[in-house]
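Residue numbers (our numbering): 31 to 467.
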């Protein structure tokens, strides 16, 4: 979000007058307003209804009020380019069009306005969801997919290590976040296959079924030791069907055949065929990945080797359908320095563009999906075919504490979502629910 307002098509209102301190009017949801600064630098925008600086924008910017907070002292605004942020009431120009002469309480949290609450704590998440807050409106015309590395699910960290900022997964918070994201499919990385993990997923499924009224299902790749990381798929079976599951051994850089897909404790790709339940809905191949981790030259080579096998892995799929979505934790962290990290990201984009049928690595917004030592990084990716007509976006939305922090450095205490959910943040892709091929 630190780049959220890098480009604007603003209409400027120029004034020779000083700041007017008279605010005889109240402002309400739906009202169009004009912003007026107290200093030449412009009007400060905030990430939440409290001092949480995002960026300045020019005086004279027009906006529409979408939500109020703190008894009307803070206003959530939609700007001319559809970006949104909080601003204090004192920056609204006194000459803005007056509101209707009615009085009403603050409305329920909107999707955008609820993001901060959803990732602040479990209790705030549950309150927001009960009030109707969602990341997006429910729509049969869209299918929403996400990828999320849920750190060492459900124990939160390896048993032989101790991290002060990591605790067991808060299952109720996780369920709440899944509901808020309004997703049909979630590709999960780092799930264990222990009895504890199986019991946790059973509880999640039961809760989602009860809370949504839909039928949810979970599939975890079968190979590998119980204490190893596994890739899995969670989906709303009322909205989409997943079938024909297969472990694609080619995405384990150390594997040489399907008989040893999880060799060396690494993960194969998790394949499924996706078909929307809606008549004439979208269908596509889906592959969830979790590539080798580690900031070393050898780990980088393993990741490159796995991606070099994309052609081999998906060639048998293309005769049925050329729509293949590949998403997950690619661990593009380089070899321990910024230059190698940037190089790995660039090489990834070049490589996948050349693999059949030709993939685009969609840009993250904001541009981080993971935090390490207080700094954001780009480890999670969504690859879509350049020719896939159902994909009409060029970016994917990052939510979680990454979005709340705007990918800026986190100093001091870690967010509770980091401790009780994951060091990664969910990455969400929305596609058209119409089969166009």
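Idealized CB from N, CA, C, for every residue including glycine.
All of these numbers come straight from a predicted model, not from anything done at the bench.
- A Cβ-Cβ separation of about 19 Å leaves residue 193 out of contact with residue 224 under the 8 Å criterion.
- Taking 8 Å as the cut-off, the beta carbon of residue 458 is found closer than this to the beta carbon of residue 213.
- With a 10 Å radius around the Cβ and a threshold of 16 neighbouring Cβ atoms, residue 281 comes out buried.
- When 269, 263, 254 are compared, the shortest CA-CA separation from residue 245 is found for 269.
- A Cβ-Cβ separation of about 5 Å places residue 409 in contact with residue 400 under the 8 Å criterion.
- A distance below 6 Å between beta-carbons, with the five flanking residues on each side excluded, links residue 285 to the following residues of its chain, in chain order: 279, 291, 293.
- When the Cα atoms are used, residue 266 and residue 68 turn out to be separated by approximately 50 Å.
- Residues of the same chain with a CB within less than 6 Å of the CB of residue 175, apart from the 5 flanking positions on each side, are 215, 459 in chain order.
- One thing to note: residue 105 has its Cβ no nearer than 8 Å to the Cβ of residue 91.
- For residue 108, the uninterrupted beta strand (DSSP E) run begins and ends at 104-108, by DSSP.
- Rounded to whole angstroms, the gap between the alpha carbons of residue 363 and residue 288 is 28 Å.
- Straight through space, the alpha carbons of residue 303 and residue 392 are spaced by roughly 21 Å.
- Distance check between residue 336 and each of 382, 123, 346 places 382 closest, using alpha-carbon atoms only.
- For the pair residue 442 and residue 243, the Cα-to-Cα distance works out to about 41 Å.
- By the neighbour-count definition (other C-beta atoms within 10 Å, threshold 16), residue 454 is a buried residue.
- Fewer than three Cβ pairs drawn from the region 152-164 and the region 407-425 lie within less than 8 Å of each other, which leaves the two stretches out of contact.
- In this chain, the beta strand (DSSP E) harbouring residue 248 covers 246-250.
- Residue burial is scored here from C-beta neighbours: residue 425 has fewer than 16 other C-beta atoms within 10 angstroms and is therefore classed as exposed.
- C-alpha of residue 356 to C-alpha of residue 97: approximately 36 Å in a straight line.
- Secondary structure note for residue 373: its alpha helix (DSSP H) is the uninterrupted segment 368-384.
- Counting the other Cβ atoms within 10 Å of the Cβ of residue 209 gives 16 or more, which makes it buried.
- DSSP, reduced to helix, strand and coil, places residue 144 within a helical segment of the structure shown.
- The shortest C-alpha to C-alpha distance from residue 463 to any of 310, 199, 324, 115 is the one to 310.
- In the three-state DSSP reduction, residue 460 falls in the strand class (E or B).
- Cβ contact annotation for residue 329 (same chain, cutoff 7 Å, sequence separation greater than five): 322, 323, in chain order.
- Under the three-state reduction of DSSP output, residue 208 falls in the helix class.
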